[in-house]
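Read through the structure below, which is laid out as structure tokens, and then see the notes.
2 protein chains.
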Amino acid sequence: MPWLDDVRWNERGLVPAIAQDAATLRVLTLAWMNREALERTVATGEAHYWSRSRGALWHKGESSGHVQRVREIRLDCDNDAILLVVEQEGGISCHTGRERCFHQRLEHGAWHDVEPVLKDPKAIYGDG
Amino acid sequence: MPWLDDVRWNERGLVPAIAQDAATLRVLTLAWMNREALERTVATGEAHYWSRSRGALWHKGESSGHVQRVREIRLDCDNDAILLVVEQEGGISCHTGRERCFHQRLEHGAWHDVEPVLKDPKAIYGDG
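Chains A and B supply the protein sequences, listed in that same order.
Note that my numbering numbers the first sequence so that position 83 is 83, with each residue one more than the last.
Counting the second sequence from 1 gives a position; my numbering is that position plus 128.
Right under this line is the structure:
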């Protein structure tokens, strides 16, 4: 499909994909997509990524239920970064149980955790 | 500096850095930082990146005047992505003269340009 060929995939076949909350406009996550992940995202309307740690396609929310319903997909001027505008199911995008992954803020020369844990990860993913 | 060591730089010594407008909350750009770029960003209060195409440190706005004054710096849960909340000088972050780099939207199987050019790049950078 031409729109998939328009994307400048890196040497590993990936591009970074930002997810932004459609309602609050907060930046939730930065993850990675390969062609299949972007194709599946468009086909299903829910964010799919490539998990670099697991080396596998990853339907966001498949374990937690915290799917991201995609309202808009954008590509940047260099065709090498994606922006998803999403409705975040459960209001939790981070595997730590926080609203979003960007929960550390630089203050006085150190990273400080500034976002509350909304739900215990054990309650999200089970205990083991 | 420990806060620089906390960042998980990739095999090329880089991390992706998102810039978000502090006023509108729009996602403006995705660029890359190395240690020096992040250190200079913190020291000067203006966004510095690593230009992968030029292989050089890049003070955003050095040619265009469109500097990004940094209000907040965040790190994600995996320590491998940065979020800058910025005041965008001139209201233009993209080298194409648009407000932001994410100016292409996927609609009906094609990328469509949905953001106006606010200023001719020739007027920003000179005629060449």
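Glycine included, each C-beta is placed from N, C-alpha and C at the ideal position.
Owing to the predicted nature of the structure, the values given are computational and were not obtained by experimental measurement.
Within chain A, the C-beta atoms nearer than 7 Å to that of glutamine 232 of chain B come from Arg74, Leu75, in chain order.
Residue state for aspartate 133 of chain B is assigned as helix, using DSSP reduced to three classes. Isoleucine 210 of chain B has B:Ala145, B:Leu203 as its beta-bridge partners, per DSSP.
Interface annotation, methionine 129 of chain B: in contact with chain A, CB-CB separation under 8 Å. Within the region 211-235 of chain B, the residues whose Cβ lies closer than 8 Å to some Cβ of chain A are Leu211, Cys222, His223, Thr224, Arg226, Cys229, Phe230, His231, Gln232, Arg233, Leu234, listed in chain order.
Cβ-Cβ distances below 7 Å link tryptophan 178 of chain B to Leu142, Trp160, Met161, Asn162, Ala165, Leu185, Trp186 in the same chain, with the five nearest sequence neighbours on each side left out; the list follows chain order. Any Cβ of chain B closer than 8 Å to the Cβ of proline 121 of chain A would place that residue at the interface, and such an atom is absent. For alanine 238 of chain B, the chain A residues whose C-beta falls within less than 8 Å of its own C-beta are Pro2, Trp3, listed in chain order. DSSP links arginine 233 of chain B through a beta bridge to A:Arg74, B:His240. The beta-carbon separation of leucine 83 of chain A and arginine 74 of chain A, rounded to 4 Å, stays under the 8 Å limit for a contact. Proximity of chain A to proline 144 of chain B at the Cβ level (cut-off 7 Å) is accounted for by Pro16, Leu30, in chain order.
Put simply, of A:Pro116, A:Arg71, A:His103 the residue whose alpha carbon is nearest the alpha carbon of aspartate 21 of chain A is A:Arg71. Considering only B:His240, B:Glu215, B:Trp131, the residue with the shortest C-alpha distance to glycine 189 of chain B is B:Glu215. Using a Cβ-Cβ cut-off of 8 Å, alanine 81 of chain A counts as an interface residue toward chain B, since at least one Cβ of chain B sits closer than that to its own. By the Cβ neighbour-count rule, serine 221 of chain B is buried, with 16 or more other Cβ atoms within 10 Å of its own. Of B:Thr157, B:Arg182, B:Arg180, the smallest CA-CA separation from valine 195 of chain B is found for B:Thr157.
The beta carbon of methionine 1 of chain A lies closer than 8 Å to those of Glu39 in the same chain, with the five residues before and after it left out. The three-state secondary structure of arginine 12 of chain A, taken from DSSP, is coil. For histidine 231 of chain B, the closest alpha carbon among the candidates A:Asn79, A:Asp5, A:Thr96, A:Gly109 is that of A:Asn79.
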